[in-house]
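Trainee: Let me give you the structure first, and then I'll get to my questions.
In this note's numbering, the protein residues as written are 2 to 345.
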C-alpha cells in the first residue's frame with residue numbers, strides 16, 4: 002500500500018508541471034491571488050471526484066495559499082464556510098450551556114455571597130441552612146439537575162465533525178498525501194458525530210435501566226469504530242466507494258430505530274415524548290435529505306457547470322447536516338428538561 006502511494010506521489014510533480022504550464026501558473030513566490038483555478042479535466046487523478054462540477058478547482062496549492070483561499074471564490078468556498086459556520090455556532094452553544102452548569106452557578110453564587118457589598122452584611126447568615134417548607138422541598142426536587150456529560154458528548158462530536166469537514170475542504174487541494182489524511186479525518190468526524198448523537202436520547206430515555214444504556218451506546222460505539230477502521234483504507238476514500246461509504250453511515254443512523262422505538266414505547270404516557278419525537282423526526286429528515294443529495298449529485302447532474310460555485314449537491318448536504326445537528330440539539334434540550342423534572 003505504501004509503495005503504491007509513494008509511486009503516485011512521485012508522479013504528481015510531473016502532472017503539476019503540466020498543469021502549471023497549461024494554465025500559466027506563476028512561481029510560489031507570487032501572492033496567493035495569482036494562483037489560478039482549473040477545470041475538472043486538468044485536475045490530478047486523486048482530486049477527481051465529481052465530474053458534474055466542471056470548473057473553479059484549486060490544485061496542488063501551497064498550504065499558505067490554500068489557507069487564504071478561504072476568502073476567495075472557488076467551488077469549495079461554500080463547503081468550507083457552511084461547516085465552519087456550523088462549528089462556530091455549536092461552539093457558541095457549548096459556551097452558553099457551560100454557563101448554566103450547576104457547579105459553575107454554585108461557584109459564581111458562592112463568590113457573589115462572599116463579596117461584601119456593605120459593611121452591615123453578615124455573610125455567615127447567608128450560608129446557614131434554614132427550615133424548608135413542604136412547598137419549597139417540592140420545588141427543590143423538581144429543579145435538581147441531572148448528569149449533563151451525554152449532552153456535551155453531543156456538542157463535542159458535532160464540533161469535531163464540522164471542523165474536520167471544513168479543514169478537509171480547505172486544505173485537501175495541497176497534495177495527494179494530505180488529501181488522503183484529511184479525507185480520513187473527515188470520515189472519522191462523520192462517524193464520531195453519529196455516535197455522539199446517540200448519547201443524550203439513549204442515556205436520558207433509560208436513566209433507571211443502565212443495562213439498556215450499555216447495550217445501545219455500546220452497540221453504536223462498536224459499529225462506529227468498525228466504520229472508522231474500514232474507512233481508514235486509502236481505497237475507501239476513492240470515488241468508486243462513494244455509495245459504500247454512504248451505506249456505512251446510513252447503517253449507523255438506522256441503528257437508532259431500535260433504541261428509538263424502545264424509548265417511545267417505554268415512555269409512551271409522557272407528554273414530552275411527542276416533542277422529542279418531533280425533533281428526532283426532523284433530524285432524520287434533514288440527514289436523509291442530505292444523503293440523497295450527496296449520493297445522487299443533484300442538481301449539478303442535470304446541468305453540469307451551472308452549479309460549480311453555489312447550490313451544488315455537496316453544499317446542500319452540508320446545510321442539511323447543520324440543520325439536522327441543530328434539530329438533534331433541540332431534542333437533547335427536551336430530554337434534559339424532562340430529566341430535570343423526573344429522575345426516572
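We put the CB at the ideal spot given by N, CA and C, even for glycine.
(1) If contacts are defined as beta-carbon pairs under 8 angstroms, then residue 40 and residue 56 qualify, I think. What distance do you get, rounded to the angstrom?
(2) Report the three-state DSSP secondary structure of residue 333 (helix, strand or coil).
(3) Output the distance between the C-alpha atoms of residue 343 and residue 210, rounded to the nearest integer angstrom.
(4) Can you check DSSP and say which residues form a bridge with residue 348?
(5) Please report the distance separating the alpha-carbon of residue 327 from that of residue 155.
(6) Just reading off the alpha helix (DSSP H) that residue 50 is part of, what are its end residues?
(7) Give the range of the alpha helix (DSSP H) segment to which residue 235 is assigned.
(8) Hey, does residue 64 have any beta-carbon neighbour from chain C nearer than 8 angstroms?
(9) So, are the CB atoms of residue 231 and residue 248 less than 8 angstroms apart?
(10) Quick test of your reading: residue 225 and residue 192, contact by CB under 8 angstroms. State the CB separation rounded to the nearest angstrom.
(11) By how many angstroms is the C-alpha of residue 214 removed from the C-alpha of residue 52?
(12) Mind reading off the beta-carbon distance from residue 288 to residue 332? Whole number of angstroms is fine, and I expect it under 8 angstroms.
(13) Whose C-beta lies closer than 7 angstroms to the C-beta of residue 278 among residues of the same chain, with five residues either side of it excluded?
(14) Given that a residue counts as buried once 16 or more other Cβ atoms are within 10 Å of its Cβ, and exposed if not, what is residue 212?
(15) Skipping 5 residues on each side, what residues in its chain have a beta carbon closer than 8 angstroms to that of residue 337?
(16) According to DSSP, is residue 268 helix, strand or coil?
(17) For residue 258, count the other beta carbons within 10 Å of its own beta carbon; 16 or more makes it buried, fewer makes it exposed. Which is it?
(18) Checking 8 angstroms against the spacing of the C-beta atoms, do residue 222 and residue 196 come in under that value?
(19) Mind checking residue 253: buried by the 16 CB within 10 Å criterion, or exposed?
(20) Of all the options 284, 73, 243 and 161, which has the alpha carbon lying nearest to the alpha carbon of residue 49?
(21) If you draw a straight line from the alpha carbon of residue 350 to that of residue 61, how long is it in whole angstroms?
(22) Using three-state DSSP, classify residue 148 as helix, strand or coil.
(23) Helix or strand or just coil, what does DSSP make of residue 1?
(24) Return the chain-ordered list of same chain residues with a C-beta closer than 6 angstroms to the C-beta of residue 77, the five sequence neighbours on each side being excluded.
(25) Considering only C-alpha positions, which residue in the set 186, 184, 260 and 190 is nearest to residue 218?
(26) Express the C-alpha separation of residue 229 and residue 272 in angstroms, rounding to a whole number.
(27) To the nearest angstrom, how far is it from the Cα of residue 189 to the Cα of residue 263?
(28) Would residue 284 pass as a contact of residue 329 if the rule is Cβ separation under 8 angstroms?
Mentor: In terms of the structure at hand:
(1) Residue 40 sits at position 39 when you count from the first residue of the chain shown. Residue 56 sits at position 55 when you count from the first residue of the chain shown. The beta-carbon distance between residue 40 and residue 56, rounded to whole angstroms, is 5 angstroms. This is short enough to meet the 8 angstroms contact definition.
(2) The residue you call residue 333 lines up with position 332 of the chain shown. Residue 333: helix per DSSP, three-state reduction.
(3) Indexing the chain shown from 1 puts residue 343 at position 342. Indexing the chain shown from 1 puts residue 210 at position 209. Approximately 14 angstroms, taken between the alpha carbons.
(4) The question about residue 348 has no answer, for the chain in this structure spans 2 to 345.
(5) Your numbering for residue 327 matches position 326 in the chain shown. Your numbering for residue 155 matches position 154 in the chain shown. Cα to Cα, the separation comes out at about 11 angstroms.
(6) The residue given as residue 50 occupies position 49 in the chain shown. Per DSSP, residue 50 belongs to no alpha helix (DSSP H) and is neither H nor E.
(7) The residue given as residue 235 occupies position 234 in the chain shown. If you look at residue 235, you'll find it isn't in any alpha helix (DSSP H); DSSP assigns it neither H nor E.
(8) Looking at the structure shown, chain C is missing, and only one protein chain is on hand.
(9) Within the chain shown, residue 231 is the residue found at index 230, counting from 1. Within the chain shown, residue 248 is the residue found at index 247, counting from 1. In this structure, residue 231 lies away from residue 248, with their beta-carbon atoms at least 8 angstroms apart.
(10) The count along the chain shown starts at 1 and reaches residue 225 at position 224. The count along the chain shown starts at 1 and reaches residue 192 at position 191. Right, their Cβ atoms sit about 5 angstroms apart.
(11) Position 51 of the chain shown, counted from the start, is the residue given in the question as residue 52. Position 213 of the chain shown, counted from the start, is the residue given in the question as residue 214. Spanning the two alpha carbons is a distance of roughly 44 angstroms.
(12) The residue labelled residue 288 in the question sits at position 287 within the chain shown. The residue labelled residue 332 in the question sits at position 331 within the chain shown. Residue 288 to residue 332, Cβ: 13 angstroms. No contact.
(13) Within the chain shown, numbered from 1, the residue matching residue 278 stands at position 277. Excluding residues up to 5 positions away in sequence, 265 lie with their Cβ nearer than 7 angstroms to the Cβ of residue 278 in the same chain.
(14) Position 211 of the chain shown, counted from the first residue, corresponds to residue 212. Answer is exposed; the Cβ neighbour count stays below 16.
(15) On the chain shown, position 336 is the one that residue 337 refers to. 147, 149, 152, 201 and 205.
(16) As a first step, residue 268 is located in the chain shown; it is residue number 267 there, counting from the start. Residue 268: coil per DSSP, three-state reduction.
(17) Translated into positions along the chain shown, residue 258 becomes position 257. Residue 258 should be labelled exposed.
(18) Here residue 222 refers to the residue found at position 221 of the chain shown. Here residue 196 refers to the residue found at position 195 of the chain shown. In contact: residue 222 and residue 196 (Cβ atoms closer than 8 angstroms).
(19) Mapped onto the chain shown, residue 253 falls at position 252. It is buried - the Cβ of residue 253 has at least 16 other Cβ atoms within 10 Å.
(20) What you label residue 49 is simply residue 48 of the chain shown in a count that begins at 1. Checking every option, the nearest Cα to that of residue 49 belongs to 243.
(21) This structure does not reach residue 350, given that the chain is present from 2 up to 345, and the question cannot be answered.
(22) Here the question's residue 148 lines up with position 147 in the chain shown. The answer is coil: DSSP assigns residue 148 none of H, G, I, E or B.
(23) The requested residue 1 does not occur in the structure, where the chain is confined to residues 2 to 345.
(24) The residue given as residue 77 occupies position 76 in the chain shown. Cβ neighbours of residue 77 within its own chain (closer than 6 angstroms, five residues either side excluded): 170.
(25) Taking the chain shown and counting its residues from 1, one reaches residue 218 at position 217. Taking only the C-alpha atoms, the option nearest residue 218 is 260.
(26) Sequence index remark: in the chain shown, residue 272 carries index 271 (1-based). Sequence index remark: in the chain shown, residue 229 carries index 228 (1-based). Computed Cα separation, rounded: 37 angstroms.
(27) Position 188 of the chain shown, counted from the first residue, corresponds to residue 189. Position 262 of the chain shown, counted from the first residue, corresponds to residue 263. Between residue 189 and residue 263, the C-alpha separation is close to 28 angstroms.
(28) Position 283 of the chain shown, counting from 1, holds the residue named residue 284. Position 328 of the chain shown, counting from 1, holds the residue named residue 329. Yes.
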